[in-house]
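K.L.:
Mind having a look at this structure? Questions to follow.
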Amino acid sequence: MTVYTRPPPLGQHTTSVLETAGPFARQQASVQPEKPTDRGMDKEGVACKASAESLSTDTLEPGAKGPGGSWDGAVLRTADLSFSYPGIDGRPLPGVPPVVRNMSIKLPQGARCLLIGPNGAGKTTLLKVLGGKHMVAEGAVRVLGASPFHDTNLAASGRLSYLGGNWDRDIAFAGYSIPLQGDFPARRMIESVAGVDPARRARLMEVLDIDPEWRMHRVSDGQRRRVQICLGLLHPFQVLLLDEITVDLDVLGRADLLNFLRAECEQRGATIIYATHIFDGLERWPTHVAFLAGGRLERLQRADDIPELAQDRLLELVERWLREELARRKAARGKADGSEEARAKPDVATWSNGWAPGRMTSTLRDASNAVMRM
Numbered sequence: 019m020t021v022y023t024r025p026p027p028l029g030q031h032t033t034s035v036l037e038t039a040g041p042f043a044r045q046q047a048s049v050q051p052e053k054p055t056d057r058g059m060d061k062e063g064v065a066c067k068a069s070a071e072s073l074s075t076d077t078l079e080p081g082a083k084g085p086g087g088s089w090d091g092a093v094l095r096t097a098d099l100s101f102s103y104p105g106i107d108g109r110p111l112p113g114v115p116p117v118v119r120n121m122s123i124k125l126p127q128g129a130r131c132l133l134i135g136p137n138g139a140g141k142t143t144l145l146k147v148l149g150g151k152h153m154v155a156e157g158a159v160r161v162l163g164a165s166p167f168h169d170t171n172l173a174a175s176g177r178l179s180y181l182g183g184n185w186d187r188d189i190a191f192a193g194y195s196i197p198l199q200g201d202f203p204a205r206r207m208i209e210s211v212a213g214v215d216p217a218r219r220a221r222l223m224e225v226l227d228i229d230p231e232w233r234m235h236r237v238s239d240g241q242r243r244r245v246q247i248c249l250g251l252l253h254p255f256q257v258l259l260l261d262e263i264t265v266d267l268d269v270l271g272r273a274d275l276l277n278f279l280r281a282e283c284e285q286r287g288a289t290i291i292y293a294t295h296i297f298d299g300l301e302r303w304p305t306h307v308a309f310l311a312g313g314r315l316e317r318l319q320r321a322d323d324i325p326e327l328a329q330d331r332l333l334e335l336v337e338r339w340l341r342e343e344l345a346r347r348k349a350a351r352g353k354a355d356g357s358e359e360a361r362a363k364p365d366v367a368t369w370s371n372g373w374a375p376g377r378m379t380s381t382l383r384d385a386s387n388a389v390m391r392m
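So the number in our numbering is just where the residue sits in the sequence shown, counting from 1, plus 18.
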């Protein structure tokens, strides 16, 4: 049966799209763009300070010029980037500092940047923002001249590729992070990706030592990871973001993959950011090293300017940076909290606020504004 609705009488108010889109969309629509400001830019490959508005919102190619000035050949750039995870009302949680704070980065074409930092430093969040997984101001992040969140063609075309986290899914009434598996061969998954050069597909399967007849419900975690990496690299990327992607690989598989990625940068001019806590054999791999702590970019240096890399002392260097950062955090906590009694008392109390399937109530504290704060 067809149902016809009568249009509202002339002059009667009708609901607009923004009125039904929720408070976050209305808030974003009401924000007025700030006037651009001129600020200096350091040489490429080091942390730079520039306003988000100085980056054009138009899609540019490397070396092109837009309303904001020259792009200086940088393939990836952020300007005073800050990001906070929103609560249920779409706004940042009150009293919770941003996960990424005032971060300015610029990387040239062909760079291989090693992203280092303690747990909780903001590495994964930064990579997801760069990969277009989270929305930020359109001019705050530029990858290949475009905003990765707003220009979905970057990821859809394979020019921008993000690989990270566990290859899993959530299943109703079964739980969270269920491994992605099924009774079918790896060949079916890999060959189902359209528009792939057969020679590149064969090369990746050789590099990653993938048996096309692996049954995906029987493979080990390392074998499943190899298939995941292969799928993410089938299209010739221009910018690749890796978040602890080699954690399940054996020594030989990791070495072969890193050699392949080096060749991609040197031969095709690809740019890679690789976040990891495993530093064996990485001394000669990066062209740049970035160190994050507390959501801030503490260092961004060329590898040639770090003598420890030439001396094969990367692990020693990273351990020193991490211990220095830990000492600073402990000192800052002591100054902020005061006495031992104050340090022992939590500053946020989460009371029983309802039931959520598969989640502890305490885990809702950073995901919802519906908490009791003391």
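Virtual Cβ for every residue (Gly too), placed ideally from N, Cα, C. Only a predicted model underlies this, so the values are computations on that prediction, with no experimental measurement involved.
Just to confirm the assignment, what range does the alpha helix (DSSP H) spanning residue 269 have?
P.N.:
Residue 269 -> alpha helix (DSSP H) spans 269-286.
K.L.:
Residues in its own chain within less than 6 Å of residue 227 by CB, not counting five upstream and five downstream?
P.N.:
none
K.L.:
Would the beta-carbon of residue 204 fall within 8 Å of that of residue 159?
P.N.:
no
K.L.:
My understanding is that residue 211 touches residue 278, with C-beta atoms under 8 Å, so please give their C-beta distance in whole angstroms.
P.N.:
Wrong, their Cβ atoms sit about 18 Å apart, outside the cutoff.
K.L.:
Would the stretch 206-221 and the stretch 288-302 be scored as touching if the rule is three or more Cβ pairs under 8 Å?
P.N.:
The stretch 206-221 vs the stretch 288-302: no contact.
K.L.:
Please determine if the stretch 298-314 and the stretch 124-142 are in contact, where contact requires at least 3 C-beta pairs separated by less than 8 Å.
P.N.:
yes
K.L.:
Please identify the residue among 299, 105 and 93 whose C-alpha is closest to the C-alpha of residue 126.
P.N.:
93
K.L.:
Starting from residue 142, trace the alpha helix (DSSP H) in both directions and tell me its first and last residue.
P.N.:
141-148
K.L.:
Can you tell me whether residue 272 sits near the ligand MN, meaning its C-beta is under 7 Å from at least one heavy atom of the ligand?
P.N.:
With respect to small molecules bound, the structure shown includes none, and the ligand MN cannot be examined in it.
K.L.:
Relative to the C-alpha of residue 201, which candidate in 299, 172, 176 and 232 has its C-alpha closest?
P.N.:
232
K.L.:
Buried or exposed: which applies to residue 243, given that a residue is buried once 16 or more other Cβ atoms fall within 10 Å of its Cβ?
P.N.:
buried
K.L.:
Could you work out which residue in 280, 145 and 254 is closest to residue 218 when comparing CA atoms only?
P.N.:
Among 280, 145 and 254, the Cα nearest to that of residue 218 belongs to 254.
K.L.:
For the structure I just gave you, are there three or more beta carbon pairs, one from the stretch 319-330 and one from the stretch 150-159, closer than 8 Å?
P.N.:
no
K.L.:
Measure the alpha-carbon distance for residue 111 versus residue 100 and round it to whole angstroms.
P.N.:
14 Å
K.L.:
Put residue 151 into one of helix, strand or coil per three-state DSSP.
P.N.:
coil
K.L.:
With a threshold of 8 Å on Cβ separation, who are the neighbours of residue 223 within its own chain once the five nearest residues in sequence on each side are excluded?
P.N.:
Correct list, in chain order: 208, 230 and 248.
K.L.:
Apart from the five residues on each side of it in sequence, which residues of its chain come closer than 7 Å, Cβ to Cβ, to residue 135?
P.N.:
Around residue 135: 141, 309, 310 and 311.
K.L.:
Does residue 176 come out as helix, strand or coil in the three-state DSSP assignment?
P.N.:
Residue 176 falls in the coil class under three-state DSSP.
K.L.:
Between the C-alpha atoms of residue 123 and residue 236, what's the straight-line distance to the nearest angstrom?
P.N.:
42 Å
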